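In my numbering, the protein residues as written are 26 to 463.
Read through the structure below, which is laid out as structure tokens, and then see the notes.
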């Protein structure tokens, strides 16, 4: 009996160990050089990774507000500890004065039908000043990660699933996305995008750092469950014998036409709609007053909980920017104002829409109010001479004894110094004369 219990306990332990091994295998990081450590390739990408980037046509390069993209530069960051999330290096991607969109990629062998999660840490900095000056928080760097479920290696493949954007100014943040593999390979992408249509985002430093990436299997492919086969039902019981009544003659029923309603076309649901605009909040009260107009060149970005749905720029007219055909749910809307403007309302708004519903959002902004030191902005006691308090004779007398340097007088300490020098010089002359006479 004791031996039986021992065998049972050993079997349970083996089962537990087996499940633990399977769980550990499922959490294995499938990436090569996931920490972006040295050595690096000659093109600046970390070993095991490749580069990707967007490139706009050259006719857009003359104006930063075009939101163009130029090829960035890749390099290993090994010097500044705050720019390394873990280990001894991180992957740097950046440009000077030219906006860009790009990152690094890697293609990995996987199991078709399994679900995979890709996560990476990222940090960004946009500024005209050298590091460690702080990043400009109003600049969009739109960091995200993506997975191509068929492993094509193309960032612009239509089936690449992208995460939502993060803006990791001067701080390490994680971006993550999940996808089910449709083939035996997947391609993972890290991405940053400084090009924003309608907004001048050109800066001397436009940088993003990536570190500590991870690709793990989070769900195995579905298994085929056999469909249960139908069984033959038992034969029905024999009916009991009953007496059959003799039929009687009945009048034959005549067919009467029954009016039927013509089928109506039921419209298919069209989804929800969100419309956005920007107004010129001249008085800065956060309200769209009747005497205020509209503000142009304000960028909008609409995102669900999982991805960016769309983006647009205000026209400066009453015409709203509308996103239709949206699935019911909660959406985040963000405004990005160009440098001459300042927000007078919140920079983001959360909107919940239902099927067939239209929601509207208005963002306020105005020209930045510069500090003015003219007399018109000073208190009345200074700017208005007519209301100044008259000075008394004593005050005038005291004021007349003050000699300013601009009028040719010397400060008192200079006069005192000259007096001391003169006394010393006179003493020296007297000393020499007295010695000669002696």
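Even for Gly, the Cβ is constructed at its ideal location relative to N, Cα and C.
Every value quoted in this text rests on a predicted model; they were computed, and no experiment measured them.
* Could you give the distance in angstroms between the alpha-carbon of residue 112 and the alpha-carbon of residue 330? -> On the chain shown, residue 112 is found 87 positions in, with the first residue counted as 1. On the chain shown, residue 330 is found 305 positions in, with the first residue counted as 1. Computed Cα separation, rounded: 32 Å.
* Which of the three DSSP states, helix, strand or coil, is assigned to residue 302? -> Taking the first residue of the chain shown as 1, we reach residue 302 at position 277. Note: residue 302 maps to strand in three-state DSSP.
* What are the partner residues of residue 3, as DSSP defines its beta bridges? -> Residue coverage of the chain in this structure runs from 26 to 463, which leaves residue 3 outside it and unanswerable.
* Asked: Under 8 Å between the Cβ atoms of residue 371 and residue 378?
  -> Numbered from 1 along the chain shown, position 346 holds the residue referred to as residue 371. Numbered from 1 along the chain shown, position 353 holds the residue referred to as residue 378. Contact: no.
* Asked: Taking DSSP as the reference, what is the three-state secondary structure of residue 84?
  -> Start at 1 with the first residue of the chain shown, and residue 84 comes out as number 59. In this structure, residue 84 counts as helix in the three-state DSSP scheme.
* Return the Cβ separation of residue 243 and residue 215 in integer angstroms, given the expectation that the two are a contact with Cβ distance under 8 Å. => For the purposes of this step, residue 243 is identified with residue 218 of the chain shown, where counting begins at 1. For the purposes of this step, residue 215 is identified with residue 190 of the chain shown, where counting begins at 1. About 19 Å; that fails the 8 Å criterion.
* Asked: Sorted by chain position, which residues of the same chain lie with C-beta nearer than 8 Å to residue 226's C-beta, five sequence neighbours on each side aside?
  -> As a first step, residue 226 is located in the chain shown; it is residue number 201 there, counting from the start. Cβ neighbours of residue 226 beyond the five flanking positions: 89, 92, 124, 151, 164, 165, 219 and 220.
* Thinking C-beta only, is residue 200 closer than 8 Å to residue 122? -> In the chain shown, residue 122 corresponds to position 97, counting from 1. In the chain shown, residue 200 corresponds to position 175, counting from 1. Not closer than 8 Å, so no.
* **Euclidean distance between Cα positions of residue 96 and residue 84** => Translated into the one-based positions of the chain shown, residue 96 becomes position 71. Translated into the one-based positions of the chain shown, residue 84 becomes position 59. Distance between the alpha carbons of residue 96 and residue 84 is about 15 Å.
* Asked: residue 302: buried (16+ other C-beta within 10 angstroms of its C-beta) or exposed?
  -> Within the chain shown, the letter at position 277 stands for residue 302. By the 10 Å Cβ count, residue 302 comes out buried.
* Please state whether DSSP places residue 397 in a helix, a strand or coil. => What you label residue 397 is simply residue 372 of the chain shown in a count that begins at 1. The predicted model places residue 397 with a pLDDT of 45, which falls under 50 and marks its position as unreliable; any figure quoted below should be read in that light. Note: residue 397 maps to coil in three-state DSSP.
* To do: Put residue 1 into one of helix, strand or coil per three-state DSSP.
  => Only positions 26 to 463 of the chain appear in this structure, which leaves residue 1 out of reach.
* **Three-way DSSP call (helix, strand, coil) for residue 150 in this model** => Residue 150 sits at position 125 when you count from the first residue of the chain shown. Residue state, collapsed to three classes: strand.
* Can you give the Cα-Cα distance for residue 357 and residue 299, rounded to whole angstroms? -> Taking the first residue of the chain shown as position 1, residue 357 is located at position 332. Taking the first residue of the chain shown as position 1, residue 299 is located at position 274. Residue 357 and residue 299: Cα-Cα distance of roughly 11 Å.
* With a 10 Å radius around its C-beta and 16 neighbouring C-beta atoms as the bar for buried, classify residue 397 as buried or exposed. => Counting from 1 along the chain shown, the entry for residue 397 is found at position 372. Residue placement at residue 397 is poorly supported in this model, since its pLDDT is 45, which falls under 50; the coordinates are not used for a value here.
* Which two residues bound the contiguous beta strand (DSSP E) that contains residue 56? -> Within the chain shown, numbered from 1, the residue matching residue 56 stands at position 31. No beta strand (DSSP E) contains residue 56, which DSSP labels as neither H nor E.
* Buried or exposed (CB count within 10 angstroms, at least 16 for buried), residue 344 -> Walking along the chain shown from the start, residue 344 turns up at place 319. Its Cβ having fewer than 16 others within 10 Å, residue 344 is exposed.
* Asked: What residues in its chain sit with their C-beta under 6 Å from that of residue 367, if we drop five residues either side in the sequence?
  -> Along the chain shown, one-based indexing puts residue 367 at 342. Only 393 meet the Cβ criterion.
* In or out: residue 155 buried (at least 16 other Cβ within 10 Å) or exposed? -> Your numbering for residue 155 matches position 130 in the chain shown. Exposed, by the Cβ-count rule.
* Can you tell me the Cα-Cα spacing of residue 11 and residue 307, whole angstroms? -> With the chain covering only 26 through 463, there is no way to say anything about residue 11.
* **Sequence-distant residues of the same chain with beta carbon closer than 8 Å to residue 56, five excluded per side** => Translated into positions along the chain shown, residue 56 becomes position 31. The answer, listed in chain order, is 73, 131, 133, 213, 238, 239 and 240.
* List the endpoints of the continuous beta strand (DSSP E) containing residue 347. => In the chain shown, counting from the first residue as 1, residue 347 sits at position 322. 346 to 351 is the span of the beta strand (DSSP E), which, as asked, contains residue 347.
* **Span of the beta strand (DSSP E), counted from its first residue to its last, around residue 120** => Taking the chain shown and counting its residues from 1, one reaches residue 120 at position 95. 115 to 120 is the span of the beta strand (DSSP E), which, as asked, contains residue 120.
* **Sheet register partners of residue 379 (DSSP bridge)** => In the chain shown, counting from the first residue as 1, residue 379 sits at position 354. BP columns for residue 379 are empty, so no partner.
* Compare the C-alpha of residue 145 against each of 176, 236 and 452 and name the closest. => What you label residue 145 is simply residue 120 of the chain shown in a count that begins at 1. Measuring from the Cα of residue 145, the nearest candidate turns out to be 236.
* Comparing alpha-carbon positions, which option in 444, 101, 58 and 62 lies nearest residue 68? -> For the purposes of this step, residue 68 is taken as the residue at position 43 of the chain shown. Nearest of 444, 101, 58 and 62 to residue 68, Cα basis: 101.
* Asked: Anyone know if the C-beta pair for residue 98 and residue 234 falls short of 8 Å?
  -> The sequence position of residue 98 within the chain shown is 73, counting from 1. The sequence position of residue 234 within the chain shown is 209, counting from 1. Against a cut-off of 8 Å, the Cβ pair of residue 234 and residue 98 comes out as no contact.
* Asked: What residues in its chain sit with their C-beta under 6 Å from that of residue 185, if we drop five residues either side in the sequence?
  -> Taking the first residue of the chain shown as position 1, residue 185 is located at position 160. Cβ within range, chain order: 171 and 173.
* Taking only runs that begin and end inside the segment 177 to 226, name each unbroken beta strand (DSSP E) of 3 or more residues, in chain order. => 198 to 205 and 210 to 218
* To do: Report yes if the C-beta distance between residue 137 and residue 207 is below 8 Å; otherwise report no.
  => As a working note, residue 137 is residue 112 in the chain shown. As a working note, residue 207 is residue 182 in the chain shown. For residue 137 and residue 207, yes; Cβs fall inside 8 Å.
* Asked: Mind checking whether residue 295 and residue 205 have CB atoms under 8 Å apart?
  -> Within the chain shown, numbered from 1, the residue matching residue 295 stands at position 270. Within the chain shown, numbered from 1, the residue matching residue 205 stands at position 180. Not a contact, by the Cβ cut-off of 8 Å.
* **Contact belief for residue 305 with residue 353 at Cβ below 8 Å, rounded distance in angstroms** => By one-based count along the chain shown, residue 305 stands at place 280. By one-based count along the chain shown, residue 353 stands at place 328. That belief does not hold up - the Cβ atoms of residue 305 and residue 353 are roughly 33 Å apart, past 8 Å.
* **Pair within 8 Å by beta-carbon distance, residue 362 and residue 323** => Against the chain shown, residue 362 aligns to sequence position 337. Against the chain shown, residue 323 aligns to sequence position 298. Yes, these two residues count as a Cβ contact at 8 Å.
* Chain-order list of residues whose beta-carbon lies under 7 Å from that of residue 114 (same chain, five-residue window excluded) -> Looking up residue 114 in the chain shown gives position 89. Excluding sequence neighbours, residue 114 sits near 61, 62, 63, 101, 102 and 103.
* **Near the ligand MN: residue 52 beta-carbon under 7 Å from a heavy atom** => The model on display carries no ligand, and the ligand MN is accordingly not part of it.
* Provide the residue(s) that pair with residue 327 in DSSP beta bridges, ordered along the chain. => For the purposes of this step, residue 327 is taken as residue 302 along the chain shown, with counting starting at 1. Residue 327 is bridged to 335 and 358.
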